[in-house]
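Peer 1:
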Amino acid sequence: MKRELKISAIKNGTVIDHITPGKAFEVARILGLEDFSAPVSIAVNVSSGKSGTKDIIKIENRELSKNEVDRISLVAPNATVNIVKNYEVIDKKKVEIPSEIVGILPCSNANCVTHFEPVKTKFLLESITPLRIRCFYCERVLTEDDIKREIARED
Ligand code: CTP
Ligand code: ZN
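Going by the numbering used here, the letters in the sequence shown line up with residues -4 to 150, in that order.
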């Protein structure tokens, strides 16, 4: 008998599917789900199609902002965001790392001008694998680990 973890379908809300295995907790932090009062289901390392695994987050009664979707793209570049209405998936979009990452995470360089002037942070995407983005202002390169450290801070 095939045994797999099933999590319930939702009636209305958002399903973030195909999250890189193990990254659901980072996505949950980005979305501030610790403080969210509607039902949330998080499944990690569940089987995904042919061979692989994935994480899934299902959030009742919530839609995501562009800012949130862009931050998710930096930790889970293959995720899909499904909008559910009355149990049906009415919209499905794959997240996409923007080529210019504006106003969604602080610069790791404590001396960067963005910490002292009222400007939005801006990074240029240099490489997806491995993930590297470069601050437009101070040229500091942020790696995946730097991004992981910075990304949950902005809201
Ligand atoms: N889902 C849900 N509640 C619903 C409808 C869908 O939790 N009422 C979930 C499904 O379990 C799945 C995701 O939303 O994890 C996307 O649903 P669907 O598009 O029906 O699944 P697939 O066709 O398998 O999606 P994909 O092709 O993106 O893998
Ligand atoms: Zn900088």
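Even for Gly, the Cβ is constructed at its ideal location relative to N, Cα and C.
May I ask whether a heavy atom of ligand 1 can be found less than 8 Å away from the beta carbon of T75?
Peer 2: yes
Peer 1: Considering only the alpha carbon of each residue, which of V79, L69 and T109 lies closest to I5?
Peer 2: V79
Peer 1: Sorted by chain position, which residues of the same chain lie with C-beta nearer than 6 Å to S43's C-beta, five sequence neighbours on each side aside?
Peer 2: K49
Peer 1: Can you give me the C-alpha to C-alpha distance between N7 and I51, rounded to a whole angstrom?
Peer 2: 16 Å
Peer 1: Kindly identify the DSSP beta-bridge partner or partners of N77.
Peer 2: V10 and K87
Peer 1: Tell me whether I123 sits in a helix, a strand or coil according to DSSP, three-state version.
Peer 2: coil
Peer 1: Quick check on DSSP: helix, strand or coil for K18?
Peer 2: coil
Peer 1: I want to check one thing, is the minimum distance from the CB of Y82 to the heavy atoms of ligand 2 below 8 Å?
Peer 2: When distances are taken from the beta-carbon of Y82 to the heavy atoms of ligand 2, even the shortest one reaches 8 Å or more.
Peer 1: Which residues in the same chain have their Cβ closer than 6 Å to the Cβ of K88, if we skip the five residues on either side of it in sequence?
Peer 2: Taken in chain order, the residues that qualify are V76.
Peer 1: Determine the direct distance from the alpha carbon of K45 to that of G98, and round the result to whole angstroms.
Peer 2: 38 Å
Peer 1: Looking only at its own chain, which residues have a Cβ that is under 8 Å from the Cβ of P16, when we skip the five neighbours before and after it?
Peer 2: V39, N40, G47, T48, K49 and D50
Peer 1: Take the Cβ of A33 as the centre, count every other Cβ of all protein chains shown within 10 Å, and call the residue buried at 16 or more, exposed below.
Peer 2: A33 is exposed by the Cβ-count criterion.
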